[in-house]
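Visitor: Sending over a structure as structure tokens; questions will come in a sec.
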Ligand SMILES: [Zn+2]
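Residue numbers (the working numbering): -6 to 324.
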């Protein structure tokens, strides 16, 4: 018990820094693009060993997360203080918004911190998996509130920006959780999964959006129409069809009404935030799929996590991500 606590504290104190091949333990591999050591397995025996290690460690991971972890999904234009391009795995060519306060100006100047924040993401998600994330933003809404968000890039909306708040990155477990959640949005909403509908996404009138929703044979995400064979379309068909009418009655801004909805269907959601909408539900379920052991009960919440085990590419991605997160936790 004590040992677990010490390991946990060490994990919380760890801060992303580029690693060199000589930093890797004997059983680890080195990724030169993301400058990170990671665990991976090549055959059944070593996989069992690695996954066995994940299993006992994972048991405590989600418990370590305190506070509520969530994002708002959208922020108003102009709130991103610095925007970087992502090239060859690194951030470069920053552009700056007008700082309104001294604190914002301080945030803009701290390029070292921006690099560390980007590395937190790059060291978790392998480079070949995050090619759609072509911009990195730094924003701040003060301490707590939104830690990170992703959104399509306005002038190239099939690519994505990841933005992070430097005031909220101290808790490493919460940060890891949130970055995997945010990546879950890119994974489930990207143009390959949900063909981007420019007219509807940029529409400012309800009629255009309603028309796109009505024409959609599948689930309309806001970015476009997700067919029944996309991850989110299938997820929606399996888990949302019988609650969607009741959910549609709720004002999305009304947090109390959303929480009441969650309490009615608590066994269907991995967290209260998951009840926000199908997009947040699949991102939260994805995060629990990555960061938790395989569920052994048959609640609908558990089925939502088991959903991802049906996709071999996502099981492989989970192992890649865990191999990186677990390696960092050993340091
Ligand atoms: Zn989200």
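We put the beta carbon where it would ideally sit given N, CA and C, even for glycine.
Quick caveat, the model's predicted, so the values are computed rather than measured.
Would you report the Cα separation of residue 14 and residue 26, rounded to the nearest angstrom?
Guide: Taking the straight line from one Cα to the other gives about 12 Å.
Visitor: Skipping 5 residues on each side, what residues in its chain have a beta carbon closer than 6 Å to that of residue 11?
Guide: Closer than 6 Å at Cβ, skipping near neighbours: 28.
Visitor: Ligand 1 and residue 130: does any heavy atom of the ligand fall closer than 8 Å to the residue's C-beta?
Guide: No; taking the cut-off as 8 Å, the Cβ of residue 130 has no heavy atom of ligand 1 nearer than that.
Visitor: Check whether the Cβ atoms of residue 55 and residue 251 lie closer than 9 Å to each other.
Guide: It is not a contact, given that the beta carbons lie outside the stated cut-off.
Visitor: Tell me where the beta strand (DSSP E) around residue 326 begins and ends.
Guide: Past the edges of the chain, shown from -6 to 324, lies residue 326, and the structure says nothing about it.
Visitor: Determine the direct distance from the alpha carbon of residue 318 to that of residue 34, and round the result to whole angstroms.
Guide: So the two alpha carbons sit approximately 15 Å from each other.
Visitor: Compute the Euclidean distance between the alpha carbons of residue 364 and residue 116, then round it to the nearest angstrom.
Guide: Lying before the first or after the last residue shown, residue 364 is absent from the chain, which here runs from -6 to 324.
Visitor: Can you have a look at residue 302 and say buried or exposed, based on whether 16 or more other CB atoms are within 10 angstroms of its CB?
Guide: That one is exposed.
Visitor: Under the criterion of a Cβ to heavy atom distance below 8 Å, does residue 107 qualify as lining ligand 1?
Guide: The answer is no for residue 107.
Visitor: Would you tell me roughly how many angstroms separate the C-alpha atoms of residue 102 and residue 185, rounded to the nearest one?
Guide: Taking the straight line joining both Cα atoms gives about 36 Å.
Visitor: For residue 320, which residues from the same chain have a beta carbon less than 7 Å from its beta carbon, with the 5 sequence-adjacent residues on both sides left out?
Guide: Cβ within range, chain order: 21, 30, 31 and 32.
Visitor: Do you know offhand how far residue 92's Cα is from residue 158's?
Guide: Distance between the alpha carbons of residue 92 and residue 158 is about 15 Å.
Visitor: How far does the beta strand (DSSP E) with residue 132 in it extend, from its first residue to its last?
Guide: Start and end: 126 to 132.
Visitor: For a minimum of 4 consecutive residues, which ranges assigned as the alpha helix (DSSP H) are wholly contained in the segment 222 to 248?
Guide: If we require 4 residues or more, the alpha helix (DSSP H) runs fully inside the segment 222 to 248 come out as 224 to 232 and 237 to 241.
Visitor: Alpha carbon to alpha carbon, how far is residue 296 from residue 263? Give it in angstroms, no decimals.
Guide: Each residue's alpha carbon lies about 10 Å from the other.
Visitor: What number of angstroms, rounded off, separates the C-alpha of residue 112 from the C-alpha of residue 293?
Guide: About 35 Å.
Visitor: Given the structure, does residue 220 come close to ligand 1, in the sense that its CB is under 8 Å from one of the ligand's heavy atoms?
Guide: No.
Visitor: For residue 85, does the three-state DSSP call read helix, strand or coil?
Guide: Strand.
Visitor: Report yes if the C-beta distance between residue 140 and residue 179 is below 9 Å; otherwise report no.
Guide: No, Cβ-Cβ distance for residue 140 and residue 179 is not below 9 Å.
Visitor: Using the rule of at least 16 other Cβ atoms within 10 Å of the residue's Cβ for burial, across every protein chain shown, is residue 282 buried or exposed?
Guide: When all chains shown are included, residue 282 counts as buried.
Visitor: Do residue 176 and residue 225 have their CB atoms nearer than 9 Å?
Guide: Contact: no.
Visitor: From what residue to what residue does the alpha helix (DSSP H) around residue 267 run?
Guide: Looking at the DSSP string, residue 267 is not in any alpha helix (DSSP H), and its letter there is neither H nor E.
Visitor: Should residue 196 and residue 205 be called a contact, given that it needs their Cβ atoms to be closer than 9 Å?
Guide: Their beta carbons are under 9 Å apart, which means residue 196 touches residue 205 by this criterion.
Visitor: Once the 5 residues before and after residue 181 are set aside, which same chain residues still bring their CB inside 6 Å of it?
Guide: Here the set comprises 224, 225 and 275.
Visitor: Measure from the alpha carbon of residue 138 to the alpha carbon of each residue in 239, 168, 145 and 126, then state which is nearest.
Guide: Cα-wise, what sits closest to residue 138 is 168.
Visitor: Label residue 166 either buried or exposed according to how many other C-beta atoms from any shown protein chain fall within 10 Å of its C-beta, with 16 as the threshold for buried.
Guide: With 16 or more other Cβ atoms within 10 Å, it is buried.
Visitor: Do the CB positions of residue 132 and residue 79 come within less than 9 Å of each other?
Guide: No, these two residues do not count as a Cβ contact at 9 Å.
Visitor: Using alpha carbons as the reference points, say which of 214, 121, 147 and 110 lies closest to residue 228.
Guide: The option with the nearest alpha carbon to residue 228 is 214.
Visitor: So, is residue 18 buried or exposed, given that buried needs 16 or more other C-beta atoms within 10 angstroms?
Guide: Flag for residue 18 reads exposed.
Visitor: With 16 other CB atoms within 10 Å as the buried threshold, where does residue 277 fall?
Guide: Counting Cβ neighbours within 10 Å, residue 277 comes out buried, since at least 16 surround it.
Visitor: Determine the burial state of residue 261: buried for a count of at least 16 other Cβ atoms within 10 Å of its Cβ, exposed for fewer.
Guide: Residue 261 is buried by the Cβ-count criterion.
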